[in-house]
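Beneath this line is the structure, given in structure tokens, with notes to follow.
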Amino acid sequence: MAAQDTGNAVPMVELQQVFKRYGDVVALASVDMVVRKGEFVTLLGPSGSGKTTLLNLIAGMAQPTSGRIMIDGRDATVLAPSKRGLGMVFQNYALMPHMTVYENVAFPLRVRKMSSEEIAHKVNDVLKLIRLPDIAQRKPRELLGGQQQRVALARCIVYNPSLILLDEPLGALDKKLREQMQLEIKRLHAELGITMLNVTHDQDEALTMSDRIVLMNGGRVEQQCEPEELYFKPCSVFAAGFIGDANLFEARVTGVDAAGVQLSSTSGLASSGMPPFAVKTGDAVTLLVR
Ligand code: ADP
Ligand code: MG
């Protein structure tokens, strides 16, 4: 399911003016952010930019210092994690080592007090869905890294959450496996239509997987938009430098017309389309060349 035609619908997640402080450390500052229903959104940013903090606030594992978190139209700012209708997948799998794959996936259903038949039915279905129907009786340590992550995903999907949060779930995998798992997660997203919010510091992963990207910088949202817009119309030098290969030149505006702007820099003359902010002749600007 893509993000189109959801203009007036209630967002799955909405953060309004969210702040989070740990003592003197401001982990999040004035974050406004939306995840629409059915979207695949990625929180992208360098280490320490507040991605995990943001995910934890949405999951309910911590509470904001101020601001409001809406989930599916409800104020969830201080709601217990179990009441939020979401699932979470972490980098370090967090499967229970003494339990088989079957028991790991069945666990959230047992907590919900389903009957054994219903549990068997759902667990077998979801193991087929993640294409691992034959490993039900294995223990997590007998699985490969990518398989463990698929089981962790299955354990979320099995109870039909309306939102899945993924905190760098592919961070521990090598490049080839990571790319396979990106496709696998996108396939599940398309087949199930579950809203997904993924965290990564890997720009390629963000560009290939996301309907939209929320770029974080020092606890703030730098830019949130579609990958293409972030690539072609970064709103700042930080955004330009974080996504894609960027050559930056200090330049001065020598003329503005309907088609765009003319520029002069120490490296020569250039022209560009209209930037996403107002400019006039004489302004000092930074020119980005991909
Ligand atoms: P990211 O996931 O983007 O790497 P985090 O959300 O983990 O970033 O951290 C954002 C900032 O908040 C960092 O400066 C980090 O040191 C700080 N921080 C996160 N959790 C805590 C905590 N429990 N206590 C104190 N500082 C924290
Ligand atoms: Mg983190």
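Residue 1591 in our numbering is what sits at position 190 of the sequence shown, and the numbering runs on without skipping anything. C-beta: ideal position from N, C-alpha, C; glycine also.
For residue 1453, the shortest separation between its Cβ and any heavy atom of the ligand MG lies below 7 angstroms. Between the region 1504-1518 and the region 1564-1576, the count of C-beta pairs closer than 8 angstroms stays below three; the two stretches do not touch. Under the 10 Å beta carbon count, residue 1453 is surrounded by 16 or more other beta carbons and is classified as buried. For residue 1478 and residue 1464, the gap between their C-alpha atoms comes out near 7 angstroms.
Taking a 10 Å sphere around the C-beta of residue 1418, we find fewer than 16 other C-beta atoms and assign the residue as exposed. Assignment of residue 1623 by DSSP, reduced to helix, strand and coil, places it in the strand class. When Cβ pairs closer than 8 angstroms are counted between the two stretches, the region 1615-1633 is seen to touch the region 1442-1453, the count reaching three or more. For residue 1691, the secondary structure class from DSSP, reduced to helix, strand or coil, is coil. If you draw a straight line from the Cα of residue 1666 to the Cα of residue 1555, it comes to about 54 angstroms. In the three-state scheme derived from DSSP, where H, G and I count as helix and E and B as strand, residue 1582 is classed as helix. Going by C-alpha positions, residue 1537 is about 30 angstroms away from residue 1440. In terms of side-chain proximity, the C-beta atom of residue 1569 is found nearer than 7 angstroms to a non-hydrogen atom of the ligand MG.
Distances from the CB of residue 1423 to the heavy atoms of the ligand ADP include at least one below 7 angstroms.
Secondary structure in the region 1572-1618: the beta strand (DSSP E) runs of 3 residues or longer, each lying completely within the stretch, are 1596-1601, 1613-1618 in chain order.
Two segments are said to touch when three or more pairs of C-beta atoms, one from each, lie closer than 8 angstroms; by this definition the region 1479-1499 touches the region 1455-1470. In chain order, 1445, 1643, 1644 place their CB closer than 7 angstroms to the CB of residue 1604, counting only its own chain and leaving out the 5 sequence neighbours on each side.
In chain order, 1429, 1432, 1444 place their CB closer than 7 angstroms to the CB of residue 1455, counting only its own chain and leaving out the 5 sequence neighbours on each side. For residue 1529, the enclosing alpha helix (DSSP H) stretches over residues 1517-1530. The Cβ atoms of residue 1608 and residue 1628 lie closer than 8 angstroms to each other. Our two residues, residue 1427 and residue 1602, have alpha carbons roughly 20 angstroms apart in a direct line.
Following the DSSP letters along the chain, one finds residue 1454 in no beta strand (DSSP E) but inside the alpha helix (DSSP H) bounded by residues 1452-1460.
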